[in-house]
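If you're matching them up, the sequences are chains H and U in order. Just so we're aligned: the first sequence equals residues 1 to 283 in the working numbering. Just so we're aligned: the second sequence equals residues 284 to 599 in the working numbering. Every residue, glycine too, gets a C-beta built ideally from N, C-alpha and C. Below you'll find the structure, written out as structure tokens, and then a few comments.
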Amino acid sequence: MRPGLQHRRLRRRLGALLIHAILGLGAVFMLLPMLWMLATSFKPPPEIAVWPPHLLPRAATLDNYRGLFSAIPFARFFGNSVFISLVSTASVVITSMIAGAIFAKYRFPGRSVLFMLVLATAIVPFEAYMIPLYIELVRMHWINTYQAIILPTLVMSFGIFLLRQHVASAIPDELLEAARVDGASEWWTFRRVLVPLSGSAISAVGIFAFIQAWAAFIWPLLVANTNHLFNLEVGLTAFQFRFSTDYGKLMAGSTLSTLPMLIVFLLLRRRIIENMALTGLKG
Amino acid sequence: MSVSTLDRPLPRPRPRGKGRRRIARHAKLWLWCYAMLLPVMVIYAYVRIWPIIRSFVLSFYNWRLIARVRPFVGLANYEHMLGDQNFQIAIWNTTVYSISIVLISTLIALPLAVLLARRSRMSAVYQTIYFLPVITPLVPMSIAWKWIYDYNYGILNYVLSLVGIRPIAWLTDAHIALWALIIMGVWKVLGYNMVIFLVGIRNIPATYLEAASLDGAGEMRKFWHVTLPLLRPIILFVLVTATINAYNVFTQVYVMTLGSQEAPGQAVRVLVYDIYQNGFEFFRMGYASAEAVTLTFIVLGFTLIQFRAFREQETT
């Protein structure tokens, strides 16, 4: 083998190694907060406040997790988060499917105006109109109720947009015409043709809705004023303000509230990444 | 679902009915559309459209939740905003925060995407890892980061001590706290930006890069003269989306810099926090609405930049 070729091969291998070193270092930086959280959650108190800190617990314990459930109504927070997220997800999926299908497959006066309206509201950040919404709910005496917490998460413009795209591009008009010729009602066509053929898009919208509802913070913070209505995010924050130095329990709580999202993500990784990348929505 | 409907050969389009019957049929279809959309649009009107309109209206009033009289004050709230030091600090901090995050995360994400563009098993693994922070909820992650930034026992100060840097009060010094938030913000958004770039790079036709190779261009030159120019619209998209999202920052600020024993009396003041405090701690909802309207216009401005750039892209 000629020396020049060997030299080049060596250089290429070194280059690949360097790339992996950079990417690996970056990966450690990305994972560190989660690992540090997980490790701390298993440490007994004397191992948490030590210098120098060590990453792995030496005498791993579940005390933090046990203590969490006795220190705060953690199970209640968790249940609330699950309940709120499920209702929100169901509503988003249903409203997005209906509106997406109608906007995609029917022509009627006002169609584009309504669709633009749906999209336009997505541009305005929620934080910019939460005050009038709050005032309205005060008027309705709905503050500190589940319906108040769930209300703003009932619809998702991105969901309508995604399903409209899907129905318009993946389901041919001829299919609907055929059903109509057969005497099928519009409702039947919707239930038996459009919905079953939109499975993948529906599940994508469902995942996003769930992730978003699970992480909701500022609105529950405003309208949930008592313990029994807190979701995990607000409950953890309140807990943090009261016991700001009890990092063992705080990390246990944080781990438990992150875990469902991690599981969802690892199971549906490809679909989540692709859909987010294609549509430009953020979790 | 009944499969038979789908399998049946598609009939030819029916000749359209004429005159009244056709109108009647259309009217029935329209009615069906409106009936289906009605519940959805009612929710939209109630939780979005109406509040958005009202936030504009409220911004012209001296509107206090507890007051009985809520007089119309014209532009007074906006005038007050110009002289409000808290508001100015908030705008300044939010802008520094947004610009820093957008620039830093783009400068890191772009080369990462180039490195990961070749499809391989490791590429998928790295993608997953870098994307993880995007989907993890903000509150637990803020608490975790707070623990990382801990002055006495935090792992960050420990790592820095290994290279001889003295402990830094990450969250208690207001100036440094802003940078602590920026570091976390970059961590959170990096994977998202990277994936968008990755999709963009993979969509570049291979022939372009091959042609450049034939002309003797090295990797660096190919990046500068082929990849980068073709990625322009995607880079713009990332810049604008990331900026808009960064302007809404609140959760991290609330969890990491507020209320706990070690934190300063005052949080790193960002725009949404200022809105939150004026509206829900001082109950000055008219004034807070004026700030909210400002936020809306900032976001709208960035969105318009994006639309215009996309249109230019289409016409050229």
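Please return the same chain residues whose Cβ sits closer than 8 Å to the Cβ of M284 of chain U, not counting the five positions on each side in sequence. Numbered from its first residue, the second sequence carries residue 284 of chain U at position 1. Annotation note: pLDDT 39 at M284 of chain U (below 50); position unreliable, coordinate value reported separately. In the same chain as M284 of chain U, and ignoring 5 residues on each side of it, no C-beta atom comes closer than 8 Å to its own.
Any C-beta of chain C within less than 8 Å: which residues of the region 560–582 of chain U qualify? Of the protein chains in the structure, H and U, none is chain C.
Let me make sure I understand the geometry here. Which of U:M477, U:K429 and U:L481 has the alpha-carbon closest to that of V385 of chain U? Taking the first residue of the second sequence as position 1, residue 385 of chain U is located at position 102. For V385 of chain U, the nearest C-alpha among the options comes from U:M477.
For a contact meaning CB atoms closer than 8 Å, what does W470 of chain U contact in chain H? In the second sequence, counting from the first residue as 1, residue 470 of chain U sits at position 187. Those within 8 Å of W470 of chain U in chain H are F29, M30 and P33.
Of all the options U:P416, U:V472 and U:M503, which has the alpha carbon lying nearest to the alpha carbon of M261 of chain H? For the purposes of this step, residue 261 of chain H is identified with residue 261 of the first sequence, where counting begins at 1. The residue from U:P416, U:V472 and U:M503 with its alpha-carbon nearest to that of M261 of chain H is U:P416.
Does R305 of chain U come within less than 8 Å of chain H when only Cβ atoms are used? As a working mapping, residue 305 of chain U is identified with position 22 in the second sequence. Interface residue (Cβ-Cβ distance to chain H less than 8 Å): R305 of chain U is not classified as such.
Tell me which residue opens and which closes the alpha helix (DSSP H) that P196 of chain H is part of. Residue mapping note: residue 196 of chain H aligns to position 196 of the first sequence, counting from 1. In the DSSP annotation of this structure, P196 of chain H is not part of any alpha helix (DSSP H), being labelled neither H nor E.
State the Cα-Cα distance for the pair F343 of chain U and L38 of chain H, rounded to the nearest angstrom. Numbered from 1 along the second sequence, position 60 holds the residue referred to as residue 343 of chain U. Numbered from 1 along the first sequence, position 38 holds the residue referred to as residue 38 of chain H. Near 49 Å, if we compare the C-alpha coordinates of L38 of chain H and F343 of chain U.
Which residues in the same chain as R485 of chain U place their Cβ atom closer than 7 Å to its Cβ, once the five residues preceding and following it in sequence are excluded? Indexing the second sequence from 1 puts residue 485 of chain U at position 202. Same-chain partners within the cutoff: A400.
Using the DSSP secondary-structure output, state which residues sit across from Y344 of chain U in a beta bridge. Translated into positions along the second sequence, residue 344 of chain U becomes position 61. In the DSSP assignment, the residues bridged to Y344 of chain U are U:F355.
By the 7 Å beta-carbon criterion, what residues does the region 210–222 of chain H contribute toward chain U? Within the region 210–222 of chain H, the residues whose Cβ lies closer than 7 Å to some Cβ of chain U are I211, W214, A215, F217, I218 and L222, listed in chain order.
Paired residues, beta bridge with R567 of chain U - DSSP: Sequence index remark: in the second sequence, residue 567 of chain U carries index 284 (1-based). DSSP output for R567 of chain U lists U:R347 as bridge partner(s).
In whole angstroms, give me the CA-to-CA distance for I466 of chain U and A179 of chain H. Here residue 466 of chain U corresponds to residue number 183 of the second sequence, with the count starting at 1. Here residue 179 of chain H corresponds to residue number 179 of the first sequence, with the count starting at 1. The alpha-carbon separation between I466 of chain U and A179 of chain H amounts to approximately 56 Å.
Opening and closing residue of the alpha helix (DSSP H) in which P125 of chain H lies: Counted from its first residue, the first sequence places residue 125 of chain H at position 125. P125 of chain H -> no alpha helix (DSSP H), and no H or E assigned at all.
Determine the DSSP secondary structure at T540 of chain U, reduced to helix, strand or coil. Here residue 540 of chain U refers to the residue found at position 257 when the second sequence is read from its first residue. Correct three-state label for T540 of chain U: helix.
Cut-off 8 Å between Cβ atoms - residues of its own chain near A16 of chain H, not counting five sequence neighbours on either side: Translated into the one-based positions of the first sequence, residue 16 of chain H becomes position 16. For A16 of chain H, same chain residues with a beta-carbon under 8 Å away, outside a window of 5 residues either side, do not exist.
Between R337 of chain U and chain H, is there a C-beta pair that is closer than 8 Å? Looking up residue 337 of chain U in the second sequence gives position 54. R337 of chain U has a beta carbon lying within less than 8 Å of a beta carbon in chain H.
Below 7 Å on C-beta distance, what does Q410 of chain U contact in chain H? Here residue 410 of chain U corresponds to residue number 127 of the second sequence, with the count starting at 1. Q410 of chain U reaches chain H at I273, counting residues in chain order whose Cβ is nearer than 7 Å.
Nearest chain U C-beta to S200 of chain H closer than 8 Å, yes or no? The residue given as residue 200 of chain H occupies position 200 in the first sequence. Output row for S200 of chain H: interface = no.
Nearest by alpha-carbon distance to S388 of chain U: which of U:F580, U:V521, U:A573 and U:E574 is it? As a first step, residue 388 of chain U is located in the second sequence; it is residue number 105 there, counting from the start. Out of U:F580, U:V521, U:A573 and U:E574, U:V521 has the C-alpha closest to the C-alpha of S388 of chain U.
Chain H partners of P416 of chain U, CB-CB under 7 Å? As a position in the second sequence, residue 416 of chain U is number 133, starting the count at 1. Chain H residues near P416 of chain U: M30.
Residue of U:T524, U:A460, U:I326 and U:T419 minimising C-alpha distance to A215 of chain H: To locate residue 215 of chain H, count along the first sequence from 1; it is residue 215. Of the listed residues, the one whose Cα sits closest to A215 of chain H is U:T419.
Using the three-state DSSP reduction, which class does Y434 of chain U fall into: helix, strand or coil? Numbered from its first residue, the second sequence carries residue 434 of chain U at position 151. Three-state DSSP puts Y434 of chain U in coil, outside helix and strand.
Of all the CB atoms in chain H, is at least one closer than 8 Å to the CB of W430 of chain U? On the second sequence, position 147 is the one that residue 430 of chain U refers to. Yes, W430 of chain U lies at the interface with chain H (some Cβ there is under 8 Å from its Cβ).
Return yes when the Cβ of T377 of chain U is within less than 8 Å of the Cβ of Y530 of chain U, no when it is not. Stepping through the second sequence from its first residue, residue 530 of chain U is reached at position 247. Stepping through the second sequence from its first residue, residue 377 of chain U is reached at position 94. Contact: yes.
Among the candidates U:L398, U:V482 and U:D433, whose CA atom is the shortest distance from the CA of I22 of chain H? Taking the first sequence and counting its residues from 1, the one referred to as residue 22 of chain H is at position 22. Comparing Cα-Cα distances from I22 of chain H to each of U:L398, U:V482 and U:D433, the minimum goes to U:L398.
Tell me which same chain residues have a C-beta within less than 6 Å of the C-beta of A326 of chain H, skipping the five on either side of it? The question about residue 326 of chain H has no answer here: the residues shown for chain H are numbered 1 through 283.
What are the residues in the region 235–266 of chain H lying within 8 Å of chain U by C-beta distance? Legend: CB atoms of the region 235–266 of chain H lying less than 8 Å from CB atoms of chain U belong to residues L236, T237, Q240, F241, S244, T245, Y247, L250, M251, G253, S254, T255, S257, T258, M261, L262, V264, F265 and L266.
Apart from the five residues on each side of it in sequence, which residues of its chain come closer than 7 Å, Cβ to Cβ, to F40 of chain H? Against the first sequence, residue 40 of chain H aligns to sequence position 40. According to the sequence shown, residue 40 of chain H is Thr rather than Phe. Closer than 7 Å at the Cβ level, and outside the excluded window around T40 of chain H, lie I48, Y247, G248 and M251.
Considering only the alpha carbon of each residue, which of H:M34, H:F265, H:M156 and H:V195 lies closest to I171 of chain H? Position 171 of the first sequence, counted from the first residue, corresponds to residue 171 of chain H. H:V195 is the residue among H:M34, H:F265, H:M156 and H:V195 whose C-alpha sits nearest the C-alpha of I171 of chain H.
For L268 of chain H, I'd like the list of residues in its chain whose CB is within less than 7 Å of its CB, leaving aside the five on either flank, ordered along the chain. Residue mapping note: residue 268 of chain H aligns to position 268 of the first sequence, counting from 1. If we look at L268 of chain H and ignore the five residues flanking it on each side, its Cβ neighbours are I207.
Tell me whether the region 435–445 of chain U and the region 50–62 of chain H touch, counting them as touching only if at least three CB pairs, one residue from each stretch, are closer than 8 Å. They touch, by the three-pair rule.
Local Cβ density within 10 Å of R303 of chain U, reported as buried at 16 or more and exposed below that: Against the second sequence, residue 303 of chain U aligns to sequence position 20. Per the 10 Å Cβ criterion, exposed.
Check the Cβ of G159 of chain H against every Cβ in chain U and list those closer than 7 Å, keeping chain order. Stepping through the first sequence from its first residue, residue 159 of chain H is reached at position 159. For G159 of chain H, no chain U residue has a Cβ inside 7 Å of its Cβ, as the nearest lies near 11 Å away.
Span separating the alpha-carbon of Y129 of chain H from that of K429 of chain U: Sequence index remark: in the first sequence, residue 129 of chain H carries index 129 (1-based). Sequence index remark: in the second sequence, residue 429 of chain U carries index 146 (1-based). For Y129 of chain H and K429 of chain U, the distance between alpha carbons rounds to 29 Å.
What I want to know is whether the C-beta of A39 of chain H ends up closer than 7 Å to one or more non-hydrogen atoms of the ligand SAM. Looking for the ligand SAM in the displayed structure turns up nothing, as the structure carries no ligands at all.
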